[in-house]
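K.L.:
In order, the protein sequence lines correspond to chains E and C.
All residue numbers for the first sequence refer to full-length UniProt numbering, where the first residue is 1 and numbers rise by one.
All residue numbers for the second sequence refer to full-length UniProt numbering, where the first residue is 1 and numbers rise by one.
Glycine is no exception: its CB is placed at the ideal position from the N, C-alpha and C atoms.
Protein chains: 2
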Amino acid sequence: MPKATNSDHAVRLTSLRAQLSEAGFDGFIVPRTDEHQGEYVPSQAQRLRWLSGFSGSAGLGVVLAEQAAIFVDGRYTIQVRQEVDESLFTYRHLIEEPASEWLEQKVQPGMKIAYDPWLQSEAQVKSLREGVEKAGGELVAALENPLDQVWSDQPARPSSKSMPYDMAHAGCSSKEKREEISRSLKSSGADCAVLSLPDSVAWLLNVRGEDVAHTPLVLSFAVVHADGEVQWFVDNEKITSETLSALDNMVEIAEPGALEGRLAAFAKAGKKVLIDPATCPERVATVLEQNGAKLVRAMDPCQRPKARKNPVELDGLRASHIRDGAAMVRFLKWVTETALTRAGTDDPVTEMEAANRLLEFRKEVPLFRDLSFDTISGAGPNGAICHYKVTEESSLPLNRDEIFLIDSGGQFLDGTTDITRTVIIGAANDEMKDRFTRVLKGHIALATAKFPKGTSGMQLDSMARKPLWDAGLDYDHGTGHGVGCFLGVHEGPQRIGKNVSPAPLEPGVFLSNEPGYYKAGEYGIRIENLMIVREAGKMVGVEIPLYDFETVTLCPIDLRLVDRTIMTAEEVTWLNDYHARVRRELTPLLDDEHKTWLEEVTRPV
Amino acid sequence: MPKATNSDHAVRLTSLRAQLSEAGFDGFIVPRTDEHQGEYVPSQAQRLRWLSGFSGSAGLGVVLAEQAAIFVDGRYTIQVRQEVDESLFTYRHLIEEPASEWLEQKVQPGMKIAYDPWLQSEAQVKSLREGVEKAGGELVAALENPLDQVWSDQPARPSSKSMPYDMAHAGCSSKEKREEISRSLKSSGADCAVLSLPDSVAWLLNVRGEDVAHTPLVLSFAVVHADGEVQWFVDNEKITSETLSALDNMVEIAEPGALEGRLAAFAKAGKKVLIDPATCPERVATVLEQNGAKLVRAMDPCQRPKARKNPVELDGLRASHIRDGAAMVRFLKWVTETALTRAGTDDPVTEMEAANRLLEFRKEVPLFRDLSFDTISGAGPNGAICHYKVTEESSLPLNRDEIFLIDSGGQFLDGTTDITRTVIIGAANDEMKDRFTRVLKGHIALATAKFPKGTSGMQLDSMARKPLWDAGLDYDHGTGHGVGCFLGVHEGPQRIGKNVSPAPLEPGVFLSNEPGYYKAGEYGIRIENLMIVREAGKMVGVEIPLYDFETVTLCPIDLRLVDRTIMTAEEVTWLNDYHARVRRELTPLLDDEHKTWLEEVTRPV
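1) Counting only beta-carbon atoms, is Ile95(C) nearer than 8 Å to chain E?
2) Counting contacts by CB-CB distance shorter than 8 Å, is residue 665(C) in contact with chain E?
3) For Met463(C), which residues in chain E fall below 9 Å Cβ to Cβ?
4) Flag Asp227(E) as yes if its beta-carbon sits less than 8 Å from any beta-carbon of chain C, otherwise no.
5) From which residue to which residue does the beta strand (DSSP E) around Lys271(C) run?
6) Do you know offhand how far Asp26(C)'s Cα is from Arg129(C)'s?
7) Could you give the distance in angstroms between the alpha-carbon of Gly383(C) and the alpha-carbon of Glu96(C)?
8) Under DSSP, the alpha helix (DSSP H) around Met463(C) begins and ends at which residues?
9) So that I know if they touch, is there some Cβ in chain E lying closer than 8 Å to that of Gly541(C)?
10) Would you please verify whether the beta carbon of Pro452(E) is less than 8 Å from any beta carbon of chain C?
11) Taking any Cβ of chain C, which residues in the stretch 497-509 of chain E have a Cβ under 7 Å from it, in chain order?
12) Identify, in the order they occur along the chain, each residue of the same chain with its Cβ nearer than 8 Å to the Cβ of Ser21(E), setting aside the five sequence neighbours on each side.
13) Which same chain residues, not among the five before or five after Gly325(C), have their C-beta less than 6 Å away from its C-beta?
14) Within 10 angstroms of the Cβ of Leu244(C), are there 16 or more other Cβ atoms? Answer buried if so, exposed if not.
15) Distance check for Val533(E) and Gln459(E), CA to CA, integer angstroms please.
16) Quick check on Met531(C): does DSSP put it in helix, strand or coil?
17) What's the gap between the Cα of residue 617(E) and the Cα of Thr596(E)?
18) Do you know how far the Cα of Asp577(E) is from the Cα of Glu570(E)?
19) Taking Cβ-Cβ distances shorter than 7 Å, what residues in chain C pair up with Ala471(E)?
20) Straight-line CA distance for Tyr518(C) to Gly524(C)?
21) Contact defined as beta carbons within less than 8 Å: I believe Gly442(C) pairs with Ala464(C). What is the distance between those atoms, to the nearest angstrom?
22) How far does the alpha helix (DSSP H) with Asn356(C) in it extend, from its first residue to its last?
23) Where DSSP assigns a beta bridge to Ser377(E), which residues make up the other side?
24) Indicate whether at least one CB of chain E lies closer than 8 Å to the CB of Leu185(C).
25) Please report the straight-line C-alpha distance between Ser52(E) and Trp118(E), rounded to a whole angstrom.
26) Drop a sphere of 10 angstroms on the beta-carbon of Glu535(C), count the other beta-carbons inside from all chains shown, and report buried for 16 or more, exposed for fewer.
27) Comparing the C-beta of Asp73(E) with each C-beta of chain B, is any distance below 8 Å?
28) With DSSP as the reference, identify every bridge partner of Lys519(E), one or two as the case may be.
29) When you compare each of Cys485(C), Leu511(C), Phe486(C) and Gly488(C) to Gln494(C) by their alpha carbons, which one comes out closest?
30) Residues of chain E with CB under 8 Å from Ile544(C), in chain order?
31) Where do the N-terminal and C-terminal ends of the beta strand (DSSP E) with Gln494(E) fall, by residue?
32) Show which residues of chain E have a CB atom less than 7 Å away from the CB atom of Met299(C).
33) Output yes if chain E places a C-beta closer than 8 Å to the C-beta of Gln494(C); else output no.
34) Hey, could you find the ends of the alpha helix (DSSP H) Tyr40(C) is sitting in?
35) Measuring alpha carbon to alpha carbon, tell me which of Glu600(E), Pro381(E) and Val562(E) ends up nearest Leu440(E).
36) Among Met352(E), Ala445(E), Met432(E) and Asn429(E), which one has its Cα closest to the Cα of Ile406(E)?
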């Protein structure tokens, strides 16, 4: 959408308040999420951004008649100040100063605060309701979204064409997947499950689309039954003849508007319906319960099977990472050499130029479809901003003897990539080397971890942090997230981090390994490879089912930032073996000039 | 209680069934726990043992008219078969085959299954209720326990004399503690809290008693108010004049029978009452809710402050561990020398003799009051049974070239100890050394860990397991539990293990560090020291609040089981430094003979 001004936002806020007053509401909740709780939201659903100007990927607005607040997390405390007019919205911390508390303080007895029950889960609504009720107010569901009513030029809902995801890449038919889901529904005691996560629908039906940026999704709902039937609630415009002919006769296509009625019918028929309380819109639960359904609240049944990649998906992931690695090699040679040559001139390489150039290299890669997220291209101090997004205004030059961090990925038809490399333009100082090597030691500790069946990512997280903790350092983000197969670059349920993971690591799960270190105002370091959980190779005397990781990302790690003296012999062996593998796998895809460069930067240390 | 026979249990089961039938019930739930959910249960409340013969520390019985089942966890699968007659009770796994599932299968529509709402928490009842209701039955609270009605020689409730725990040991007055609790109640929005955990009451009021074995408790309830008032519901017989004069005038003593009426009165007065859903009897919640109280469900407010030991408690803990360490040195010299001399004769040292001898050494230690738990004295294969309890029948000889594991502790007026040492009687083979050294490496990794504020024990657990995981080995118990100060040898809320810890590690928290390895049928290895969480010492460049551990247990680790070649230089330094500290601290308490021995067994490697 075109950039709005502060006065635009003032006007929008005034018109929303007028609409609220007309509808008999004293306030309204404006989440950043849409019905599908996804990371990428189509422009039609970017309500918080339209209202406030805030463009971050997580946040919440609350509008009362006289005041309003915007709630963002630690990643966005600076950005919200740049994007949102403080005279319109008070800034609050999403976690430490939650909206429920603000509502408890600001709501007056008798006030009616409205929310859109399609945009929030039961859990989200529950916390807000407690705050409003403590203050003596009432939280009420607005079935017509008052903001949509005043957003006169609201874009249309996206209606990209869908495409079948063929067996050569999916590796498993929708029918087989539904047989697996059927077994899991039966064991949860449910007759059917509502799927509100579009990546679950995409996986289950073997379809892809282009409704949002960077994730090849069709925004839609589905209901999957224990007998293998599926109702797919999707805009008819999105259905191509290719998609249609790839679906089998157990899949019924219905208009999105039919969802509520069908849910009510299932409920009245006495079905036990599974919903995922973490992500399912509250409205779905309400319709089901009002019509007498027994609800089974449990994790979306597609989440764990989707996370366990099948052999065809694994082969695709490996192949896409080799091609992507070769593009990264071309980029790294270009950026380290060119940035150094042009450093200090009046035409330095900039973050923006680097990101664009990397995109050009990726576009040459076979089966490339899109970036898997907006490239994070951070020079010097911008590298210390974990979720930095380069703009024309923010773009810094890549200076001599400064660190440059680039976190990027591609959507390839056979796999999704996500890689971070940190390089020095020129020469590194001792502190940079120490910090980089500690991050590398943590990365290696995780990459080489062996662990028993049943282990979750929370248990492994400290291995990646230990070399930093030993020096009194840390990083304020997770260590690993799940990655889809030509799907979301962030997917659940497994993760590696300080917080509880909702599922154990299982063979086939595909995760990132990305410890980092950030020195505010100076530089950022992150080393990210993707890894597959697998059964550990045979060893003498093993007494338990043992898993380990196969690293899939292949790309050099900058040796000029490595301090070999603080590494163990085993760590050095890992680094040399990894680099030998990078050379072996990527060399066939490179010309002589790049082969020579790769030989040099992956030399044994 | 005297050992009952299978036919006694058959008679008891028959009489319970007759009583149930008379009361109109089709079944009854018999938990192992009492009202206070404690590890040690007085004989009056050992209902499951009386009924079934099972003497383990966790379990559940379910009695229906025609069948009955006993549910025990992995620790007790062998023991339950030895103690409980299979013709009376079906054996089931407490976690993997939960009672709720068994009820769902066995209960017939319309059946009324009774439970005692004082003996189970809301969470425990909820799961059972779901099982019964899925089967079409009803789970009903029995306010008169039917088992007590047929247990003709049920012992009286314990009524030991209480004693004040004086400031010289407690370090903080009850009044000061209540001021802290008051602040925490206010921040949770509660007017008062029900304390059902007797160690919370003991800590809050600075009282101790002897109602159960090995933990100096007074079994009682209390209600603590935000204004600092306390009602202590305790049998008048337990109150000595010393206790009475140590209490201040904000503490009211009431008979236990008055609890329900007072809770109802608080509820009617509109009080917001905090209860801990994990441990509070369901009956307490019911009485409060039926009388209109608003409940705040949160952790018992004494748990976290109690876990953070104050400086006086810390000094007492350190002092008691030095004295206990000297007793352990006397024991270890005696057991390793004597067992070897007598091995192979017709008068070998036995597990039972060893445990008794250790008790004799401890009894000589100043301020000794009791063991802190039944000594685990396991020779050879018995060492591989994690919660082994030696009896005359099970007691094995300590044979030459076998491993002997001893896990024991004392209740001293100034502190509670818990220590495990594993020694070789004679000479160890290579496998034993490898396994012992891996356990030691894990122990050292945890003992030397540095970690940021906010870290929980689940995050650190893998550090202790990594050297075992690397070889495909593991142990099936937690790595660390909280320990009280002249209180429970197992206390919450912090712990170190594979499961989620309900609270982060904070300075002053006192925990065990006890990785192990168990080879079924051959031997067990465990190395356990207690540690205090503290702020890490000053280091250059630290960017975050950093904590580490102070090891408090002082006692040699058997060098004959150490394989130095698989240890890092840092690990060897830790071991030598630890042994130097053991020598320095314990030598002043030892005679020349023991000094010489200690010098030898703590020599640098």
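P.N.:
So, to answer that:
1) Within the second sequence, numbered from 1, the residue matching residue 95(C) stands at position 95. False, the Cβ-Cβ gap to chain E never drops below 8 Å.
2) Since the first and last residues shown for chain C are 1 and 605, residue 665(C) lies out of range.
3) In the second sequence, the residue the question calls residue 463(C) occupies position 463. Result: Ser462, Met463 and Lys466.
4) Numbered from 1 along the first sequence, position 227 holds the residue referred to as residue 227(E). It does not: the Cβ of Asp227(E) has no partner Cβ on chain C nearer than 8 Å.
5) Translated into the one-based positions of the second sequence, residue 271(C) becomes position 271. Per DSSP, Lys271(C) belongs to no beta strand (DSSP E) and is neither H nor E.
6) Your numbering for residue 26(C) matches position 26 in the second sequence. Your numbering for residue 129(C) matches position 129 in the second sequence. If you take the alpha carbons of Asp26(C) and Arg129(C), they lie about 14 Å apart.
7) Start at 1 with the first residue of the second sequence, and residue 383(C) comes out as number 383. Start at 1 with the first residue of the second sequence, and residue 96(C) comes out as number 96. When rounded, the distance between both Cα atoms is 25 Å.
8) Your numbering for residue 463(C) matches position 463 in the second sequence. Where Met463(C) is concerned, the enclosing alpha helix (DSSP H) stretches over Gly457 to Trp469.
9) Within the second sequence, residue 541(C) is the residue found at index 541, counting from 1. With 8 Å as the cut-off, Gly541(C) counts as an interface residue toward chain E.
10) As a first step, residue 452(E) is located in the first sequence; it is residue number 452 there, counting from the start. Chain C contact via Cβ: present.
11) Lys498 and Val500
12) One-based indexing of the first sequence puts residue 21(E) at position 21. Cβ neighbours of Ser21(E) beyond the five flanking positions: Ala65.
13) Indexing the second sequence from 1 puts residue 325(C) at position 325. So the list reads Leu554, Cys555 and Leu586, once near-sequence residues are dropped.
14) Along the second sequence, read from residue 1 onward, the residue named residue 244(C) stands at position 244. Leu244(C) comes out exposed.
15) Working through the first sequence from its first residue, we reach residue 459(E) at position 459. Working through the first sequence from its first residue, we reach residue 533(E) at position 533. For Gln459(E) and Val533(E), the distance between alpha carbons rounds to 15 Å.
16) Position 531 of the second sequence, counting from 1, holds the residue named residue 531(C). Reduced to three states, the DSSP call for Met531(C) is strand.
17) With chain E running from 1 to 605 in the structure shown, residue 617(E) is simply not present.
18) By one-based count along the first sequence, residue 570(E) stands at place 570. By one-based count along the first sequence, residue 577(E) stands at place 577. Cα to Cα, the separation comes out at about 10 Å.
19) Position 471 of the first sequence, counted from the first residue, corresponds to residue 471(E). Those within 7 Å of Ala471(E) in chain C are Gly541.
20) Locating residue 518(C) in the second sequence gives position 518, counting from the first residue. Locating residue 524(C) in the second sequence gives position 524, counting from the first residue. Their Cα atoms are separated by approximately 4 Å.
21) Within the second sequence, residue 442(C) is the residue found at index 442, counting from 1. Within the second sequence, residue 464(C) is the residue found at index 464, counting from 1. Confirmed, Cβ separation roughly 4 Å.
22) Translated into positions along the second sequence, residue 356(C) becomes position 356. Run containing Asn356(C): Glu351 to Lys363, per the alpha helix (DSSP H) assignment.
23) As a working note, residue 377(E) is residue 377 in the first sequence. Answer is Ile406(E).
24) As a first step, residue 185(C) is located in the second sequence; it is residue number 185 there, counting from the start. Taking Cβ atoms only, chain E never reaches closer than 8 Å to Leu185(C), which makes this a no.
25) Locating residue 52(E) in the first sequence gives position 52, counting from the first residue. Locating residue 118(E) in the first sequence gives position 118, counting from the first residue. One C-alpha to the other measures close to 20 Å.
26) Residue numbering aside, residue 535(C) sits at position 535 when the second sequence is read from its first letter. Under this definition Glu535(C) is an exposed residue.
27) Although the question refers to chain B, the structure presented lacks it and instead comprises the protein chains E and C.
28) Mapped onto the first sequence, residue 519(E) falls at position 519. Paired residue(s): Tyr523(E).
29) For the purposes of this step, residue 494(C) is taken as the residue at position 494 of the second sequence. The residue with the shortest Cα to Cα distance from Gln494(C) is Leu511(C).
30) Taking the second sequence and counting its residues from 1, one reaches residue 544(C) at position 544. Result: Gly472, Leu473 and Asp474.
31) Translated into the one-based positions of the first sequence, residue 494(E) becomes position 494. Per DSSP, Gln494(E) belongs to the beta strand (DSSP E) from Glu491 to Ile496.
32) Sequence index remark: in the second sequence, residue 299(C) carries index 299 (1-based). Near Met299(C) there are no residues of chain E at all, since even the closest Cβ is about 17 Å away, more than 7 Å.
33) Along the second sequence, read from residue 1 onward, the residue named residue 494(C) stands at position 494. No - not a single Cβ of chain E is within 8 Å of the one on Gln494(C).
34) Mapped onto the second sequence, residue 40(C) falls at position 40. That residue, Tyr40(C), is in no alpha helix (DSSP H); it is neither H nor E in DSSP.
35) What you label residue 440(E) is simply residue 440 of the first sequence in a count that begins at 1. Residue Val562(E) is the option with its Cα nearest to Leu440(E).
36) The residue you call residue 406(E) lines up with position 406 of the first sequence. Ile406(E) has its Cα closest to that of Met352(E), out of Met352(E), Ala445(E), Met432(E) and Asn429(E).
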